[in-house]
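See below for the structure under consideration.
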Amino acid sequence: MSRLERKLTAGEFVVTAEMPTIDGGGFPEIQRQLAPMKAWVDAVNATDNPAAHAHASPLAVSIALKACGVEPVMQLACRDRNRLNLQAEIVGAAMHGIENISCMTGDDVVAGDEPETRRVFDLDSPQLIAVAEGLRNGRYLSGRVLEPAPHLFIGAVENPGAPPYEHRVARAEKKAGAGARFLQLQISFTPDRLEAFMAGAVASGLAARCALIPSILIVRSALALKFVDDKVAGIEVPPELIARAEAAADQQLECFEIACELADHARSLPGVAGLHFISFRKDAGIAKLCQRLGIKPRAERDQPHGNSPALAV
Amino acid sequence: MSLLETVEHAVKGPVWDCRMCGQCVLHDTGLTCPMTCPKTLRNGPCGGVRPDGTCEVKPEMRCVWVKAYARADRIPVWGDHIHDLRPPVDNRLKGTSSWRNLLSGRDKETPAGWAAGDVAP
C-alpha cells in the first residue's frame, strides 16, 4: 500500500507537490529538482505533458522518483493516449511498484507548442478512472484477466474554479463513483469558489469517501499571476489580487504572502485532506510555505500523534 | 451511407450538430450532443471551461456541458441521467444509425471488462 493511500485512509493530513517537467539532464536533474521539496512531501506528481507540451513521460519520471526515494503519483491524461496505451501505462507502472495514479482529461492541444497535434480523447477522465478500477480488480477493459491484480490507489482531479460551478461536486461524485479515492483540486485563486465546492462536498458525503486535496501555486511576480490568468485554462486570478502584487514593493514576498493566505484558507475548510503545492522554480518555496503554515517535514509528521479524525476513503 | 443513416443525419444534423457516433446519448445529456465537445467528453465538462462559460478550445462556443447541465435541469423525464457514467465510445459504430443500434440493443453493448458502478471496496 502506498504512503499516500495509508495516510489518507488513516485521515492523516498529506502534502503532495508537482514535479517540475523534466526534459534533459537525467537523474541528476531529477535530484536537483527534488532537493528543495523532498523532505516535506508525502508524494510527488509526475505530470503527463502538462499544458500540451511534450516532456519526459510520467512513467519514466515516476520510476526515477521511486529510485530517488520519493513516492510518485503518476498522472495520466486522455489527450495523447488511447485506451490500450492508458491500460499499458498503468499495468507497466504497477510492475515498477507505482500505485498512485491520477486520471485526467488533459489540457487541449491548442494550449501547447504543437497545436497541430491530433487529439486522442479515446476515453474521458471518469471512463479512465473506471478502466483503472477494472485493472485494480484484475481485468482489462476487454474482460481479459489480469493476474495478480495490481495494487492501485486511483485518483483524479477536479476544478472547483471553472463553470459550471454548481455542478462541479456532481462531476467529482461521478469520479468517486467510478473509483477515484482522492481528487487533487485545480489551483484556485478564488477562495469563495473553493469554499463553496468543499461545503457541497461535505454536505453530499463526497469528502468523507474521497480525499480532497486543493492545490496551491507559488509564483514570484505579478506578471506570473497575469500569465496564469491569461494563459492557463480553467484558472481565474481576480484582478484585485494581481493589482495587490503589482503594487507591492517586493512582488516576490507579496506573492508568497498570497500563497500563504490561500493555503491557510484551504486547509481550514472542513473536508480538506491535504494540500498540493506547485512551484515552477527550483527554489525553496514549498519548504518555506510548509514552515510558514506550521507543517512539519514528513519524518516529523510521521511520528505518532493520533490527533486527526479518521477519514474513510 | 444507407438511407437510414442519411435520414438520421438529415434530421439530427441541423438540430443537434449530430456527428453520427452511432450511440446517441442526447436524451441523457440535456439534448446536447457531447460529441460536439472538442474533447468529445461524454461524462461532464473538463477543467478548462472559461469564466464566462465558453469552451477552452473554441472561445466563441459555449461549453457543451454548461449547456447540457442547464438543459437537463429543465427536462423532467431524463434530467437525472446526466449523472450516469456513460461507457467509452465504440468507435466501430461511427457513421452507423443510432436509431437502428437503439432498436437492436447494439448501442448498449460494452466491453466485458466495463463495469460502471461496480466499484469494489
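Top line first, the protein sequences correspond to chains S and Y. Letter by letter, the first sequence follows residues 1 to 313 in my numbering. Letter by letter, the second sequence follows residues 1001 to 1121 in my numbering. Ideal Cβ placement from N, Cα and C applies to all residues, glycine included. Since we're looking at a predicted model, the values are computed, not measured.
Separation of the CB atoms of glutamate 89 of chain S and leucine 59 of chain S is rounded to 6 Å, and the pair is thereby assigned contact status at 8 Å. Taking a C-beta distance under 7 Å as the contact criterion, arginine 267 of chain S and leucine 275 of chain S qualify as a contact pair. For proline 148 of chain S, the closest C-alpha among the options S:Val157, S:Ile154, S:Asn137 and S:Leu141 is that of S:Asn137.
Distances from the alpha-carbon of glycine 177 of chain S to those of S:Thr190, S:Ser188, S:Pro191 and S:Arg209 put S:Arg209 closest. Annotation: the continuous beta strand (DSSP E) that includes asparagine 45 of chain S extends over 43-46.
C-alpha of proline 1087 of chain Y to C-alpha of valine 1077 of chain Y: approximately 21 Å in a straight line. For serine 268 of chain S, there is no enclosing beta strand (DSSP E); the enclosing alpha helix (DSSP H) has its first and last residue at 251-268.
For the set S:Cys290, S:Ser57 and S:Leu4, the Cα lying nearest the Cα of alanine 43 of chain S is the one of S:Leu4. Of all residues in the stretch 173-191 of chain S, only Glu173, Lys174, Gly177, Ala178, Gly179 and Gln186 come within less than 8 Å of chain Y when Cβ atoms are compared, listed by chain position.
Between the C-alpha atoms of histidine 53 of chain S and threonine 47 of chain S there is a straight-line separation of about 11 Å. Contact between glycine 1022 of chain Y and serine 1098 of chain Y holds, since their C-beta atoms are separated by about 5 Å, short of 8 Å. Taking 7 Å as the cut-off, the Cβ atoms of isoleucine 213 of chain S and tryptophan 40 of chain S do not count as close. By the Cβ test, the stretch 83-101 of chain S is not in contact with the stretch 31-39 of chain S, since fewer than three Cβ pairs between them sit closer than 8 Å. The Cβ atoms of alanine 1072 of chain Y and isoleucine 1082 of chain Y lie closer than 7 Å to each other.
Aspartate 108 of chain S reaches chain Y at Pro1038, Lys1039, Gly1048, Glu1056 and Val1057, counting residues in chain order whose Cβ is nearer than 7 Å. Note on geometry: alpha-carbon atoms of proline 239 of chain S and aspartate 230 of chain S lie some 11 Å from one another. The beta carbon of leucine 141 of chain S falls within 7 Å of a beta carbon belonging to chain Y, placing the residue at that interface.
Excluding the 5 residues flanking it on each side, lysine 1094 of chain Y has same chain C-beta neighbours closer than 7 Å at Met1020, Cys1021 and Gly1022, in chain order. The beta carbon of alanine 1112 of chain Y sits closer than 7 Å to some beta carbon of chain S. In summary, asparagine 1091 of chain Y is exposed, with fewer than 16 beta-carbon neighbours lying within 10 Å of its beta-carbon over all protein chains present. Comparing C-alpha distances from lysine 1039 of chain Y to each of S:Pro20, S:Arg244 and S:Gly106 shows the shortest one belongs to S:Gly106. In the three-state scheme derived from DSSP, where H, G and I count as helix and E and B as strand, valine 70 of chain S is classed as coil. Within chain Y, no residue has its CB atom less than 9 Å from the CB of glutamate 18 of chain S, the nearest being about 15 Å off.
Comparing C-alpha distances from proline 150 of chain S to each of S:Ala132, S:Ser102 and S:Gly25 shows the shortest one belongs to S:Ala132.
Identification of chain S residues near valine 1066 of chain Y by a Cβ-Cβ cut-off of 7 Å yields Pro163 and Pro164, ordered along the chain.
Contact check for valine 14 of chain S and alanine 273 of chain S: beta-carbon distance about 7 Å, within the 8 Å limit, so the pair qualifies.
DSSP, reduced to helix, strand and coil, places threonine 1040 of chain Y outside both helices and strands of the structure shown, so it counts as coil. Phenylalanine 277 of chain S sits in a strand when the DSSP states are folded into three classes.
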